Amino acid sequence: MNLEIRIANPNDWKRIIEIYNQAILEGAKTADTEIVTVEQRKDWLELHEQKRYPILVAEIDSHIIGWCSISPHRAGRKALEITAEISYYIDFGHRQKGIATILIQKAIEQAKENYIQNLYAILLDVNSNSIRILEKFGFEKWGYLPKVAKIKNNLFGQFIYGKNI
């Protein structure tokens, strides 16, 4: 297995959205409940063309198997530029193989290079795999929003896990 981590470019957008849509269809992995298109997510994808807020992709033999984004926290508010959000999604066929761990490690390194001091992730409270991965990196529970997401008639809370890097 020849795993490579690199910064995404527009040619990767279709595959990034395909992987995200897997999580949507699975349910309770993201708060989106209907599949999305590249066109619908174009503004978000273009935001991540900046060096400071990239999408990192993991690929094997030139095939993207996962990604991790670094997004601004409350963009435009100067005092908050030291804080960013990370999100990560792994292709179904490549979960539980350490790909998310590698992507998060690279995202932390990238964030430090860009003078980001705090990273956080927002996740549904039933996403125990992501909670374990974040805790492995020293992320701590910074907050909890109870019963804020309704997915297939079930209510879920959202955790905010954060870390000063």
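Under the numbering used here, read the sequence shown as residues 870 to 1034, first letter to last.
Backbone N, C-alpha and C define an ideal beta-carbon position, used for all residues, glycine too.
Since we're looking at a predicted model, the values are computed, not measured.
Return helix, strand or coil for residue i, following the three-state DSSP convention.
i       : result
Lys1021 : coil
Gln974  : helix
Asn983  : coil
Ile1034 : coil
In the DSSP assignment, find the alpha helix (DSSP H) that holds residue i and state where it starts and stops.
i      : result
Glu998 : It should be noted that the sequence gives Asn, not Glu, for residue 998. Counting along the chain, the alpha helix (DSSP H) containing Asn998 begins and ends at 997-1005.
Between which two residues does the beta strand (DSSP E) harbouring residue i extend?
i      : result
His876 : Checking the sequence, you will find Ile at residue 876 rather than His. Its beta strand (DSSP E) spans residues 872-876.
Which residues in the same chain as residue i place their Cβ atom closer than 8 Å to its Cβ, once the five residues preceding and following it in sequence are excluded?
i       : result
Ala1018 : Ala900, Leu993, Leu1024, Phe1025, Gly1026, Gln1027
Tyr1013 : Asp994, Gly1026, Gln1027, Phe1028, Ile1029
Given residue i, which residues of its chain have a CB within under 6 Å of its CB, disregarding the five upstream and five downstream residues?
i      : result
Gln891 : Phe961
Ser956 : Ser938
Glu928 : Glu873
Quick test of your reading: residue i and residue j, contact by CB under 8 Å. State the CB separation rounded to the nearest angstrom.
i       : j       : result
Tyr922  : Ile904  : That pair is no contact at about 24 Å.
Ile933  : Gln986  : Not confirmed; about 29 Å, so no contact.
Asp930  : Asn996  : Actually they do not touch by this definition, with Cβ atoms about 29 Å apart.
Gly1031 : Phe1008 : 6 Å
Ile840  : Leu988  : The displayed coordinates of the chain run from 870 to 1034. Any statement about residue 840 would go beyond what the structure contains.
Residue ranges of each alpha helix (DSSP H) run of no fewer than 4 residues wholly in the region 890-969, ordered along the chain? 911-916
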